[in-house]
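Using the working numbering, the first residue of the sequence shown is number 69, and each one after it goes up by one.
All C-beta atoms, glycine included, are put in the ideal place defined by N, C-alpha and C.
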Amino acid sequence: MYDYLGEHPQIHKATRKEPNFFATDLDSGSYLDSLSFIRDRDQYVALFAGARPDQLAGEASTWNLYSKVAASNIRSTIPHARIIIMLRHPVEMLYSLHGRRLYGGSEDVPDFTDALAAEDDRRAGRRIPPRARNVTGLFYRDVGRYSEQVERYLNAFGRDRVHIGIFDDFINDPAAAYRAVLEFLAVDPNFEPDFKVINAGASRRSWRLQQVVLSPGIVRLARVVVPPPVRPFVGRIMDAVNSKPQKRPRLDPVVAASLRQELLPDIVRLGRLIGRDLEALWT
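Here you go:
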């Protein structure tokens, strides 16, 4: 959705998709978290420097939803902001999140079931991957309990400034879901982007190379050598070089059913909150 919105002539997307500037409670202050969280206000504002006065400007920090302080931080800084939330079946989302964290080097337990079982140890500070960023993102079940997360934004901005989309609807009819967002943003709803596939499944060609790239020495050198405006481009090149397309196997149905049962009370509460029968949809 972020990429599709960025094609709209009335919208300027930030030069970095997920700056996570407002999710300060998830940032430990470590050098590794500095790769995921922009901490300097001027650096954050610079992401929108190319926006024209007649354009809306936006970014897409997915961790803003999980953060307990991002909604209030955004509200105090940009009280007129419009919030777009897209919710995916929590079990599917968590399985995908586990894969993305493996891909990024923030997870080192390759089996999803084992990663779920490691949550208690990780809450106690044990079995934390050496290159983990946003460590609380390893508490998968918490990430998948959406209702309180969504409620924070409804309370902070009111329902008229929060658009809640369901990923299933987006997959089934991307044009209709996209148009609904454009109408919410009050921009030309007739514009149609190129609905190409974004963020297809991938894996690393070399995990050793990925660990080297994230090492403190390499990161410090890159920050000295590579100018800030060029860093996103260089990052994408490095990412592409060490990636290969790969579709993950389907999640074990028994594991999926068990995790859904754990999350069911929250699914029901979320459905009531947004006026949608999610228990039936997310079977």
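Using C-beta distances below 7 Å, list every residue in its chain close to residue i, excluding the 5 sequence neighbours before and after it, in chain order.
i: L346; result: I335, L338 and G339
i: G167; result: R316
What residue from the options has the CA that sits closest to residue i's CA?
i: P198; options: P178, S174 and I152; result: S174
i: I146; options: F89, V323 and D182; result: F89
i: E75; options: F235, P261, A244 and D256; result: P261
i: A186; options: R169, F207 and R227; result: F207
i: D122; options: F263, Y70, V255 and L289; result: V255
i: D237; options: V249, A138 and D320; result: V249
i: V113; options: V137, A125 and L103; result: A125
i: D93; options: V137, P77, D320 and G172; result: V137
i: M69; options: S144, P317, P77 and A245; result: A245
i: L289; options: D189, Y99 and D71; result: Y99
i: A128; options: K85, P321 and G285; result: K85
What's the gap between the Cα of residue i and the Cα of residue j?
i: I232; j: R247; result: 13 Å
i: P242; j: S135; result: 27 Å
i: R194; j: A183; result: 12 Å
i: S144; j: L103; result: 25 Å
i: G343; j: R227; result: 12 Å
i: N240; j: V265; result: 13 Å
i: A324; j: D188; result: 19 Å
i: G172; j: T130; result: 15 Å
i: V293; j: D110; result: 20 Å
i: H148; j: P321; result: 43 Å
i: P257; j: G285; result: 47 Å
i: M209; j: P295; result: Per the sequence shown, residue 209 should be read as Arg rather than Met. Each residue's Cα considered, the two are about 38 Å apart.
i: D108; j: R213; result: 30 Å
i: Q329; j: T351; result: 10 Å
i: P333; j: A139; result: 23 Å
i: R97; j: M161; result: Strictly speaking, residue 97 in this sequence is Gly, with Arg absent from that position. The alpha-carbon atoms of G97 and M161 are separated by roughly 27 Å.
Roughly how far, in whole angstroms, is the beta-carbon of residue i from the beta-carbon of residue j, given that I think they are within contact range, below 8 Å?
i: V218; j: I153; result: 6 Å
i: P158; j: L331; result: 5 Å
i: L222; j: V230; result: 6 Å
i: I151; j: F225; result: 6 Å
i: I234; j: L155; result: 6 Å
i: A91; j: N132; result: 5 Å
i: L319; j: Y163; result: 5 Å
i: F263; j: Y72; result: 7 Å
Which same chain residues, not among the five before or five after residue i, have their C-beta less than 8 Å away from its C-beta?
i: L341; result: S215, V218, E219 and L222
i: G205; result: L94, W131, Y134, L165, R169, S174 and V211
i: I196; result: R190, V203 and L206
If I measure Cβ to Cβ from residue i and keep anything under 6 Å in the same chain, skipping five residues before and after, which residues do I get?
i: D95; result: D101 and F105
i: F259; result: H76
i: L327; result: V159
Taking contact to mean 3 or more Cβ pairs, one atom from each stretch, closer than 8 Å, check whether the stretch 115-124 and the stretch 198-211 are in contact.
no
Tell me whether the stretch 176-189 and the stretch 81-97 touch, counting them as touching only if at least three CB pairs, one residue from each stretch, are closer than 8 Å.
no
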